[in-house]
Amino acid sequence: MSKELEDMLIAKQVKPTAIRLLALEYLLNQTVAVTINDLEKAFPQSDKVTLYRTLKTFEEQGIVHNINADADGTKYALCEESCKPGEYLDLHVHFYCTNCKELLCLPKTQLPQVALPDNFQLSELGLVARGICDTCTKNASELHDS
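As numbered in the numbering used here, residues 45 to 190 make up the sequence shown, in order.
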């Protein structure tokens, strides 16, 4: 797996350092978007600044994208392979569970086209749907049924 991770970073023009390899492996194993605090908990021996720089490098090179969904701060999720440095093409809806606070990418749900007036330039477009995720819904249903 380590060689595959190295190749993934090299393909995105990122030098495969030890912490970058660990961070990438961690991100690949997540099913929801993560915060810098999540990375800190996963790698307590690492410096927060190093982890932050790692995420910023990943973002600049099209490996992750960031989502601002709640007061917990910025969350990061892996981009699709088609993303390029400085050109975020992975436009999709995100779902924020108001119960468990997890943020999920919904890559099959595309963002709507936005018609802008003449001379307007779009620099960012995001949509965060809020509600209760399937896990929380099931847990609530099980509590109600018992």
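A virtual CB, placed ideally from N, CA and C, is assigned to each residue, including glycine.
For the alpha helix (DSSP H) containing residue i, list its first residue and its last residue.
| i | result |
| --- | --- |
| A67 | 62-72 |
| T94 | 92-104 |
Could you give the DSSP three-state label for residue i: helix, strand or coil?
| i | result |
| --- | --- |
| A159 | coil |
| A55 | helix |
| A184 | helix |
| T75 | coil |
| L166 | coil |
| L122 | strand |
| D82 | helix |
| D38 | Here the chain has residues from 45 to 190 only, and residue 38 is not among them. |
Can you tell which of the options has the C-alpha that lies nearest to the C-alpha of residue i?
| i | options | result |
| --- | --- | --- |
| R174 | Q165, Y140, V76 | Y140 |
| S167 | L135, V76, A55 | L135 |
| Q154 | K119, L66, V137 | V137 |
| N183 | Q57, G170, N143, Y120 | N143 |
| P156 | Q57, E125, N112, L169 | L169 |
| V158 | L171, E125, D91 | L171 |
| E124 | V108, T118, I176 | V108 |
| K145 | I54, K119, S46 | K119 |
What span of residues does the beta strand (DSSP E) with residue i cover, start to end?
| i | result |
| --- | --- |
| V137 | 136-141 |
| I111 | 108-112 |
| L148 | 147-154 |
| G175 | 172-175 |
Spell out whether any CB of chain D is found under 8 Å from the CB atom of residue i.
| i | result |
| --- | --- |
| G175 | Chain labels in this structure do not include chain D; a single protein chain is all it has. |
Say whether the segment 93-112 touches the segment 67-79, bearing in mind that this needs 3 or more beta-carbon pairs closer than 8 Å, one atom from each stretch. Touching, per the Cβ criterion.
I want to know whether the segment 55-67 touches the segment 91-100 - three or more CB-CB distances under 8 Å. Yes, they touch.
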